[in-house]
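Here is the structure we will look at, set down as structure tokens.
Protein chains: 2
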Amino acid sequence: MSKGSELWGHAKQRIPGGSMLLSKRAELMLPAGWPAYFDRTEGCRVWDLDGVEYLDFGFMGIGTNILGYSHPKVDEAVRRTIDKGNLSTLNAPEEVWLADRLVELHPWADMVRYARSGGEVCAIAVRIARAASGRSKVAFCGYHGWHDWYLAANLGTDDSLDGHLLPGLEPRGVPRELAGTSIPFRFNDLDGLRTILANDPDVGVIFMEVQRSTPPAPGFLEGVRELATQHDAVLIFDECTSGFRRTLGGLHLHYGVEPDLATFGKTLGNGYAITAVVGREEVMQAAQSTFISSTFWTERIGPTAALAALDAMAEEDAPARVHALGEAVLERWQESAGGAGLTLSLGELPALATYTVDGHDPLLVKTYLTSRLLEEGFLGGPVLYASIAHTPDLLDRYFDALSPIFGEIADLGDEGMRAALPDGTAQSGFARLT
Amino acid sequence: MSKGSELWGHAKQRIPGGSMLLSKRAELMLPAGWPAYFDRTEGCRVWDLDGVEYLDFGFMGIGTNILGYSHPKVDEAVRRTIDKGNLSTLNAPEEVWLADRLVELHPWADMVRYARSGGEVCAIAVRIARAASGRSKVAFCGYHGWHDWYLAANLGTDDSLDGHLLPGLEPRGVPRELAGTSIPFRFNDLDGLRTILANDPDVGVIFMEVQRSTPPAPGFLEGVRELATQHDAVLIFDECTSGFRRTLGGLHLHYGVEPDLATFGKTLGNGYAITAVVGREEVMQAAQSTFISSTFWTERIGPTAALAALDAMAEEDAPARVHALGEAVLERWQESAGGAGLTLSLGELPALATYTVDGHDPLLVKTYLTSRLLEEGFLGGPVLYASIAHTPDLLDRYFDALSPIFGEIADLGDEGMRAALPDGTAQSGFARLT
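Chains Z and W, in that order, are what the protein sequence lines are. If you're matching positions, the first sequence starts at 63 in the working numbering and goes up one per residue. If you're matching positions, the second sequence starts at 63 in the working numbering and goes up one per residue.
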């Protein structure tokens, strides 16, 4: 048994679920044998606790590292911060410099607040938006984290109905008093949102991802903006996942639609913890009418890393490159699968490329792919979160490994894959509202 | 104007309130002239943006650094983590090692979850406790952060009554649906808590600080424990502030009363962002019945710093030393003030020592002290959060500076101090329920 597998077994006795992030649970990758822990990283290389090297052609930190792991300029900036001191009774100037930079990148915005996790910064955005609008209810689409305001959407009329809307996002422990405060709408369904706003004057906040897989239909984002303005609701774009993967800033800059607030996380610090909400002054100032305060939001590594990461993203033209890389990967996947007689359904946000194999059990395919890619030295699956460390030569190696696996999937079929996976399939994650 | 003052002026245009932490707002220290920003730190020394050196005999990172700033062993561990990589698709083994350590220090506990801020880890604890008890309402005492569950206590029956219970903790933007879900009780008022539990069967969680200023009356903590058990309520001790300031672990270890969950933050990573909830297995496993997940809770610096800080705390006997230092400071304050004909009322948690001067306006005294100590080269006020970097020689220098200031306060009186402060007094913070 690998050191990682052994430690993972112990972790589950010490940490409910084993990891702080659902998507890093070993069982979501493979039912057995996932390396689970890393010793060190470089570029898109990851070494596990036994010193085995893998190429990460999968989740790249679950979307945190478009500059690759251990980016020298970002790391060097963080080292300098440690030399100078991470925290004191006084404030870190880097948080002001970063605010200036984020506002410069998003000319519609004036002010910024930070947190150190994505769910937390979304909860801050909701608090500010509710305070600004004076209304409790939120219309939302997409995934926005673990907090009460969001999981309230999964509170049914009784226990037995809990969780039906977003399977896998269990709302136990969310006060039932919040039932009905989070109202879902579907992506590209402008009429659905219009109906919600017309029927419920208590909706003062619209919270959505700009794009997850399907692109916005022509006029959809513009229509949402118009509805928000008409109903005097605060429009929040959650760019925690989509940000910096096409333009240097939110994906909304590409679509040319401006929210009132936007949240950022994931790749903002290229693997260091920093998240931000940026917004228009008149909305952001509502933060002054409520209490939003936490000690560790003032530590210095977060804004230091973000400043260096934004510099490096600009120098490297990283957002455009990961977008182009993702587009190329989507094309090559289809081509490679086609060579084996398979067709793929592709997720359409290129820098967060995904696919399913038509006519096959998705969880079975995911497990088989993950298992076989691991044998070939890759952390992977039916997904590739692009980074600039995914160089052409490594990409060729990846496709050299992948092509025969597509052939095996075609030959084996679902029954054969099941037989080839004696430990069964991976567990499924959670469902997003898209 | 100092660089810090200038940057602070700009910060307030970019960041609502200027800082992410209420207690780091310059106006809470001085109405004008507070250095506001730091360039570097060492021990209890802080250099501002103009290179001016101060000795921090005040809040020491608002309670984050009992080992002093820039502790070499903690910093070295963090540097090694940066060399190896902070985050990847796989997990960091340090989080399991830290969980083992925290459970070892708290033998009543079995499992651990982490976050990166104190308010957030308290919200996780509440979610787990509500999920475990199946009940929404929380009886609480003390301060537990900015989240909805807590600020709900400040929702009045209408807007005009909002905020009366805990002045300064404005609940605007907290959904009114949560009114009545957080029920306050007073420290050392066991009958008050008993009445709440007897009258409201929906209370399933008791959340409290073990001690803030007044020590627990004999039998109080034991009585709370007994009531929690009788009513099948989950008892949570918030040790974010009190932890590691007397024993290597929670202050409850000193009092010998065991909760079901305990939260830690502040000094756990000696200035690096890491917070934790530790608990009994049967309660912690409720985390598996709900969704609590965030990407940056899996970064590596936090648990690395905590492991190194716990080692250093043990080697240096830091909790016992800051306790003893605090006791000595309380005594010397009284003595020094007595020499000027003043008497002090002392906060009684020694490692977080505070005082007010009897018969004088507390805010005026605080402002005058802070202003005069700053002139003498100290970041200070009527408070000293002890660290092992507060060495005997520096402590003597501090008292040499402070004694004449006590004399001035006695001579000037409130009217004279007011005249000596042309910019007025500092703003007040928020009130805790104690």
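From the three backbone atoms N, C-alpha and C, an ideal C-beta is built for every residue, glycine too. Being a predicted model, the structure only gives us computed values, none of them experimental.
- Put simply, the CB of residue 264(Z) is far from chain W, with every gap to its CB atoms at 7 Å or more.
- Distance check between residue 249(W) and each of 193(W), 416(W), 286(W) and 419(W) places 286(W) closest, using alpha-carbon atoms only.
- In this structure, the CA atom of residue 267(W) is about 49 Å from the CA atom of residue 112(W).
- With a threshold of 7 Å between beta carbons, residue 359(Z) makes contact with chain W.
- At the C-beta level, residue 335(Z) and residue 364(Z) come within 7 Å of one another.
- Fully enclosed beta strand (DSSP E) runs of no fewer than 3 residues occupy 323-326 and 337-341 of the segment 304-382 of chain Z, in order along the chain.
- For a Cβ distance threshold of 8 Å, residue set 84, 208, 213, 230, 231, 232, 233 and 492 of chain W lies close to residue 353(Z), ordered along the chain.
- Using a Cβ-Cβ cut-off of 7 Å, residue 428(W) is close to nothing in chain Z; its nearest Cβ partner there is about 15 Å away.
- Ranked by Cα distance from residue 445(Z), the options 263(Z), 85(Z) and 73(Z) are led by 85(Z).
- Distance from the CA atom of residue 349(W) to the CA atom of residue 190(W), rounded to whole angstroms, is 5 Å.
- Cβ contact annotation for residue 121(Z) (same chain, cutoff 6 Å, sequence separation greater than five): 447, in chain order.
- Rounded to whole angstroms, the separation of the alpha carbons of residue 176(Z) and residue 355(Z) is 10 Å.
- Listed along chain W, the residues sitting closer than 7 Å to residue 78(Z) by beta-carbon distance are 173, 175, 346, 347, 349 and 350.
- Near chain Z, meaning a CB-to-CB distance below 8 Å, the residues of the segment 97-110 of chain W are 97, 98, 99, 100, 101, 102, 103, 104, 108 and 110.
- Here the alpha carbon of residue 467(Z) sits roughly 10 Å from the alpha carbon of residue 427(Z).
- In summary, the residues of the segment 233-257 of chain W whose CB is separated from some CB of chain Z by less than 9 Å are 233, 234, 235, 236, 237, 238, 239, 240, 241, 242 and 243, in the order they occur in the chain.
- The alpha-carbon of residue 361(W) is positioned some 10 Å away from that of residue 179(Z).
- Within the same chain, no residue comes within 7 Å of residue 146(Z) by CB-CB distance, once the 5 residues on both sides are set aside.
- The contact set of residue 440(Z) on chain W, defined by CB atoms closer than 7 Å, is empty, because the minimum CB distance reaches about 11 Å.
- Contact of residue 158(W) with chain Z is assigned, a C-beta pair being separated by under 7 Å.
- For the alpha helix (DSSP H) assignment, the uninterrupted runs of no fewer than 4 residues enclosed by the segment 116-187 of chain Z are, from N- to C-terminal side, 122-125, 134-146 and 156-167.
- Taking 7 Å as the threshold, the shortest C-beta distance from residue 144(W) to chain Z falls below it.
- When secondary structure is reduced to three states using DSSP, residue 249(W) falls in the coil class, being assigned neither helix nor strand.
- Collapsing the DSSP output to three states places residue 424(W) in a helix.
- Listed along chain W are 151 and 357, each with a C-beta nearer than 7 Å to that of residue 124(Z).
- A straight line joining the alpha-carbon of residue 130(W) with that of residue 157(Z) spans about 23 Å.
- Taken through DSSP and simplified to helix, strand or coil, residue 463(Z) comes out as helix.
- Under the Cβ criterion of 7 Å, residue 161(W) is counted among the residues facing chain Z.
- The DSSP assignment places complete alpha helix (DSSP H) segments of no fewer than 4 residues inside the segment 199-272 of chain W at 210-213 and 252-261, in order along the chain.
- Interface annotation, residue 335(W): in contact with chain Z, CB-CB separation under 7 Å.
- Within chain W, no C-beta atom comes nearer than 8 Å to that of residue 431(Z); the closest sits roughly 15 Å away.
- Looking at the DSSP output, residue 443(Z) sits in a beta bridge with 445(Z).
- Under the criterion of beta carbons closer than 8 Å, residue 241(Z) and residue 228(Z) do not qualify as touching, at roughly 14 Å.
- Residues of chain W with a Cβ closer than 7 Å to the Cβ of residue 72(Z) are, in chain order, 158.
- Taking 8 Å as the upper bound for CB-CB distance, residue 274(W) and residue 385(W) are not in contact here, some 15 Å apart.
- Between residue 337(Z) and residue 139(Z), the CB-CB gap reaches or exceeds 7 Å.
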